[in-house]
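With my numbering applied, the sequence shown has no gaps in its numbers, which climb one by one up to 415 at the end.
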Amino acid sequence: MSQGIMIWAEQRDGKLANVVYELLGGGRKLAESLGGSLSAVLIGQGVEGLAQDLFEAGAGKVILVEDAQLKDIRDEAYVQVLSAVIAKHQPEAVLFGASVAGRSLAPRVAAKLKVGLSADCTSLEVENGQIKQIRPTYGGNVITTILSARKPVMATIRVKAFAKAGRQAGRSGELIRESVSLDAAKIRTQVVDLVAEVAGKVKLEEADIIVSGGRGLGDPAKFKLVEGLASVLGAAVGASRAAVDAGWYPYAHQVGQTGKTVSPKVYIACGISGAIQHLAGMQSSDIIIAINKNPDAPIFGVATYGIVGDLNEVVPALTEEFRKALS
Numbered sequence: 089m090s091q092g093i094m095i096w097a098e099q100r101d102g103k104l105a106n107v108v109y110e111l112l113g114g115g116r117k118l119a120e121s122l123g124g125s126l127s128a129v130l131i132g133q134g135v136e137g138l139a140q141d142l143f144e145a146g147a148g149k150v151i152l153v154e155d156a157q158l159k160d161i162r163d164e165a166y167v168q169v170l171s172a173v174i175a176k177h178q179p180e181a182v183l184f185g186a187s188v189a190g191r192s193l194a195p196r197v198a199a200k201l202k203v204g205l206s207a208d209c210t211s212l213e214v215e216n217g218q219i220k221q222i223r224p225t226y227g228g229n230v231i232t233t234i235l236s237a238r239k240p241v242m243a244t245i246r247v248k249a250f251a252k253a254g255r256q257a258g259r260s261g262e263l264i265r266e267s268v269s270l271d272a273a274k275i276r277t278q279v280v281d282l283v284a285e286v287a288g289k290v291k292l293e294e295a296d297i298i299v300s301g302g303r304g305l306g307d308p309a310k311f312k313l314v315e316g317l318a319s320v321l322g323a324a325v326g327a328s329r330a331a332v333d334a335g336w337y338p339y340a341h342q343v344g345q346t347g348k349t350v351s352p353k354v355y356i357a358c359g360i361s362g363a364i365q366h367l368a369g370m371q372s373s374d375i376i377i378a379i380n381k382n383p384d385a386p387i388f389g390v391a392t393y394g395i396v397g398d399l400n401e402v403v404p405a406l407t408e409e410f411r412k413a414l415s
């Protein structure tokens with residue numbers, strides 16, 4: 089009998105990350121396929137109240153570890169906790185969101201447990217009792233299926249790869265309080281200050297619509313066109329690596345293999361040629377609209393709709409039409 093699926097319930101300042109609800113949605117389906125349970129590991133200080141949110145979103149068990157040293161996410165402390173909890177409860181698989189914290193923490197936990205880790209998975213499937221971990225590789229040109237030789241299976245899951253779990257108000261589950269003896273000598277980092285990321289009104293990874301600009305804008309001032317269209321649509325603003333490297337837009341907005349992986353309902357690429365590393369970060373978007381004056385730009389190879397034309401004319405025209413339609 090499978091010991092079930094376990095997820096890390098990432099939280100900051102007493103608020104669960106949105107990706108947690110996605111992990112619960114995908115984790116529930118995996119657990120049902122394997123005939124096991126779905127559990128969530130909740131770590132922090134004074135966060136017990138979040139357990140009810142996890143139960144209502146589908147967790148059958150919440151494993152709670154609280155300590156003053158766990159108030160902030162620090163890898164050295166969280167690795168000790170997660171590796172101890174996983175070793176004790178022996179789940180079939182452990183899932184992390186592919187957030188900044190998840191991408192940092194998951195490989196350290198995997199190394200501690202001496203198991204493999206599949207990073208940035210876009211799908212997980214069960215076949216003949218085995219969990220297949222599916223992820224793009226070689227800049228998205230090849231889709232790889234990975235089978236783990238050792239348990240637990242460990243994976244980080246891209247934001248929006250899974251649909252969010254449905255909520256059932258009042259649903260309850262089993263709360264398990266665990267105590268992990270932390271080795272303070274191994275916790276070498278201290279949180280001096282937390283600086284909120286200034287990335288506009290809409291968070292890039294969670295946006296349903298993203299309007300991105302690239303070097304094809306020709307001038308950093310032209311990002312005003314991108315921002316104008318995004319404002320009308322209630323969208324987030326993204327940027328290509330080339331635009332960020334040129335100092336045209338902050339790194340917090342970079343989309344791509346070395347930036348953020350996004351999967352919005354609509355992705356509008358303005359003056360972006362479509363380098364492999366950029367496509368790897370956005371090609372799972374439901375609808376991709378490309379605006380570029382070069383008809384041979386690689387971006388058109390993945391675009392749902394393509395507009396070949398001068399973005400200085402196209403973007404303002406689109407902005408005005410959307411403004412009329414949405415007013």
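Note that CB positions come from ideal geometry on N, CA and C, so glycine has one too.
Nearest C-alpha to Ala357 among Ala391, Gln365, Ala334, Thr346: Ala391. Shown here for Asp141: same chain residues with a beta carbon closer than 7 angstroms to its own, the five before and five after excluded, namely Leu104 in chain order. Ile151 places its beta carbon 8 angstroms or farther from that of Leu118.
Residue range 163 to 177 is occupied by the alpha helix (DSSP H) that includes Lys176.
Proximity of the segment 397 to 414 to the segment 317 to 325 meets the contact definition, three or more beta-carbon pairs being nearer than 8 angstroms. From the listed residues Arg276, Asp208, Ser171, the smallest Cα separation to Ser269 is found for Ser171. By the beta-carbon neighbour count (other beta carbons within 10 angstroms, threshold 16), Glu213 is exposed. Using a Cβ distance threshold of 8 angstroms, Gly185 and Ile245 count as a contacting pair. No Cβ-Cβ contact shorter than 8 angstroms links Ile174 with Leu138. The Cβ neighbour count for Tyr393, taken over all protein chains shown within 10 Å, is under 16; the residue is labelled exposed. Per DSSP, the beta-bridge partners of Trp96 are Val129. Sequence-distant Cβ neighbours of Asp163 in its own chain, meaning closer than 7 angstroms and more than five residues away, are Ser192, Leu193, Arg196. With respect to the C-alpha of Ala147, the residue from Phe410, Ala385, Arg259 having the closest C-alpha is Arg259. Of the candidates Gly115, Lys348, Tyr166, Ala257, Lys348 places its Cα closest to the Cα of Leu292. Within the same chain, and ignoring the five residues on either side of Thr277 in sequence, the residues whose Cβ sits closer than 7 angstroms to its Cβ are Arg162, Glu164. Here Glu262 is exposed. Its C-beta has fewer than 16 other C-beta atoms within 10 Å. Rounded to whole angstroms, the gap between the alpha carbons of Gln256 and Phe143 is 8 angstroms. DSSP places Val108 inside the alpha helix (DSSP H), whose first and last residues are 106 to 122. In the three-state DSSP reduction, Thr407 falls in the helix class (H, G or I). Contact between Gln345 and Gln365 holds, since their C-beta atoms are separated by about 4 angstroms, short of 8 angstroms.
Non-local C-beta neighbours of Ser328 in its own chain, meaning closer than 6 angstroms and more than five positions away in sequence, comprise Gly302, Ile360, His366, ordered along the chain. With a cutoff of 8 angstroms on beta-carbon distance, Glu180 and Leu112 are scored as not near each other. Pairing Tyr166 with Val241, the inter-Cα distance amounts to about 19 angstroms.
If you draw a 10 Å sphere on the C-beta of Leu126, you find 16 or more other C-beta atoms in it, and that means buried. In this structure, the CA atom of Ser187 is about 25 angstroms from the CA atom of Lys176. DSSP links Pro224 through a beta bridge to Ile231. In this structure, DSSP gives Lys348 an extended state, which the three-state scheme calls strand.
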